[in-house]
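Some notes on the structure that comes next.
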Amino acid sequence: MRKIIDNRPANIREIVAKGCLKKGLSLEDVSLLVNCEDSGIISDIFSAAAKIKQEIYGERLVLFAPLYVSDYCVNDCAYCNFHVSNAGHKRRRLSQDEIASEAACLINMGHKRVLLEFGEDPKLNDIDYICEAIRTIYSVKDEHGNKIRRVNVNIAATTVENYRKLKEEGIGTYQLFQETYHRLTYESLHKGPKASYERQITAHNRAREAGLDDLGIGALFGLYDWKFEVMALVEHAQKMEAELGVGPHTISVPRFRPAPGIKYQPKYPVNDADFLKIIAILRIAVPYAGIILSTREEPALRSRAFQLGVSQASAASICVPGGYNNFPSPSMGEGGGEGDNVGQFYIQDTRPVGDVVKSILADGLIPSFCTACYRSGRTGEDFMNLAKPGRIHEFCRPNALLTFAEYLEDFGDGDLKSEGGELIEKYLNDINDDALRNKTTIKLKEIRNGARDLFF
Ligand code: SAM
Ligand code: SF4
Numbered sequence: 385m386r387k388i389i390d391n392r393p394a395n396i397r398e399i400v401a402k403g404c405l406k407k408g409l410s411l412e413d414v415s416l417l418v419n420c421e422d423s424g425i426i427s428d429i430f431s432a433a434a435k436i437k438q439e440i441y442g443e444r445l446v447l448f449a450p451l452y453v454s455d456y457c458v459n460d461c462a463y464c465n466f467h468v469s470n471a472g473h474k475r476r477r478l479s480q481d482e483i484a485s486e487a488a489c490l491i492n493m494g495h496k497r498v499l500l501e502f503g504e505d506p507k508l509n510d511i512d513y514i515c516e517a518i519r520t521i522y523s524v525k526d527e528h529g530n531k532i533r534r535v536n537v538n539i540a541a542t543t544v545e546n547y548r549k550l551k552e553e554g555i556g557t558y559q560l561f562q563e564t565y566h567r568l569t570y571e572s573l574h575k576g577p578k579a580s581y582e583r584q585i586t587a588h589n590r591a592r593e594a595g596l597d598d599l600g601i602g603a604l605f606g607l608y609d610w611k612f613e614v615m616a617l618v619e620h621a622q623k624m625e626a627e628l629g630v631g632p633h634t635i636s637v638p639r640f641r642p643a644p645g646i647k648y649q650p651k652y653p654v655n656d657a658d659f660l661k662i663i664a665i666l667r668i669a670v671p672y673a674g675i676i677l678s679t680r681e682e683p684a685l686r687s688r689a690f691q692l693g694v695s696q697a698s699a700a701s702i703c704v705p706g707g708y709n710n711f712p713s714p715s716m717g718e719g720g721g722e723g724d725n726v727g728q729f730y731i732q733d734t735r736p737v738g739d740v741v742k743s744i745l746a747d748g749l750i751p752s753f754c755t756a757c758y759r760s761g762r763t764g765e766d767f768m769n770l771a772k773p774g775r776i777h778e779f780c781r782p783n784a785l786l787t788f789a790e791y792l793e794d795f796g797d798g799d800l801k802s803e804g805g806e807l808i809e810k811y812l813n814d815i816n817d818d819a820l821r822n823k824t825t826i827k828l829k830e831i832r833n834g835a836r837d838l839f840f
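Numbering (my numbering), first residue to last: 385 to 840.
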């Protein structure tokens, strides 16, 4: 017998109320939320998402930057500027010295975590090159001892053996996006090894088998109906939890962006209102997962998304290999100029880290450069056990304050220092546990006196 789905407003409001218990939602519940057009209920969905974000992730927003290492790629993904048939795109594969210079640049901008990006090329971007790049990045330090403390990796789906090698290098999160969960669309948009839907959808299982337990998923919005993708992301998260013993550490929500070498036009463009709905519904449906937003989105929309559920954001990203040092682009020849290499796609938030930090402060949030969980072994199941009951907060608030204080000392200008200092005081007083507040106060003092890398 066919089940009758109750889409009356009262039932949808009940689902939203259930979501506020932070236990997640069933797929049936999610199907009702994605199809809801009632503006009053949508506003309830947004309020619920903001409340959950606040209760689980608090006021912090973790910042990172992508580091594009090589844009050589054997795949022909219709939506990506690096696709192999884009003959006009001149490619670069960074040497280890160049990778070190890129890391130095990011350190100098205040970053502590990066997301490595590679095209798929088994010969040029083989696993040994990728592993060496990770070692190189971890080895770079500035004169104050600042370094990249967490290297997350976004490489094409690969073998258990290769994932084991990544694990041995001490990576943070392994991220891989399904792009679209709709098989026929997936198969029509990809050519090359990535065209195997099977290889892509089972990648996290192999990564888990190799011992990686911080895993990120995502969908590229615009390729297929966003409602389907949101339901599939939630189902993927639930399956991971049931079958791998650990749900996704992060969910990314990239939205298609144009680039000069892409003819593809998204068949299912997602408007801003729906994009915010996507973030809010994911926040409610998978409350323990971090949600990642990139500089593909423009600043005002990012600010709104930060309130609704995003917990990590990239800042001052450049999606060209060698772009942070502005190495002359192979497509420009020496000296640069017209026809500048935009990289993988046009980004919309081009502000420097300092400006992003200022706007985060203006929104009442704390910019965090924290990498403590993974370095204290709070990964996978251990992380989930803290995140689910909202206890991750206990570590995150002090750690966010400590890493932001470091940022202010090393990279803040006068105004930012005083504004940031005030915010640190405010949130310090919000730490309820007296012992923890006192310990944080002591560590903050030590940081002002030159100590670095203090965390709980
Ligand atoms: N090459 C690997 C792969 O495809 O899995 C590594 C990741 S690729 C460098 C990073 C991600 O960028 C892709 O997974 C895709 O979702 C996203 N992307 C590609 N083209 C894009 C575009 N035109 N607009 C927005 N995001 C795009
Ligand atoms: Fe290559 Fe990844 Fe771009 Fe596809 S999305 S063309 S695999 S870099």
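Heads up, the beta-carbon is just placed ideally off N, CA and C, and yes, glycines get one too.
Annotated three-state conformation of residue 820 is helix, per DSSP.
Of all C-beta pairs linking the region 747-759 to the region 658-669, fewer than three are shorter than 8 Å, placing the two stretches out of contact. Taking the C-beta atoms as reference points, residue 692 is found no nearer than 8 Å to residue 401.
According to DSSP, residue pairing for residue 634 in a beta bridge involves 600, 674.
When the alpha-carbon of residue 792 is set against those of 820, 541, 495, the nearest one is in 495.
For secondary structure counted as the alpha helix (DSSP H) over 4 or more consecutive residues, the region 743-782 holds these complete runs in sequence order: 756-759, 764-771.
If you check the C-beta of residue 504 against the ligand SF4, you find a heavy atom less than 7 Å away.
Per DSSP, residue 696 lies in no alpha helix (DSSP H) segment; the continuous beta strand (DSSP E) that holds it begins and ends at 696-698.
No heavy atom of the ligand SAM is found nearer than 7 Å to the CB of residue 665. Relative to the Cα of residue 625, the nearest Cα in the group 820, 438, 769 belongs to 769.
At least one heavy atom of the ligand SF4 falls within 7 Å of the beta-carbon of residue 540.
Straight across, the Cα-Cα distance linking residue 439 with residue 464 is about 37 Å.
Contact between the region 727-735 and the region 512-522 is absent: fewer than 3 CB-CB pairs across the two stretches fall below 8 Å. Counting only the Cα atoms, residue 757 lies some 8 Å from residue 767. Contact annotation: the region 783-797 touches the region 817-831, with at least three C-beta pairs closer than 8 Å. Judged by DSSP secondary structure, residue 449 falls within the beta strand (DSSP E) whose first and last residues are 444-454.
Proximity to residue 796 across 740, 409, 810, 576 peaks at 740, based on C-alpha coordinates.
At the C-beta level, residue 752 and residue 445 come within 8 Å of one another.
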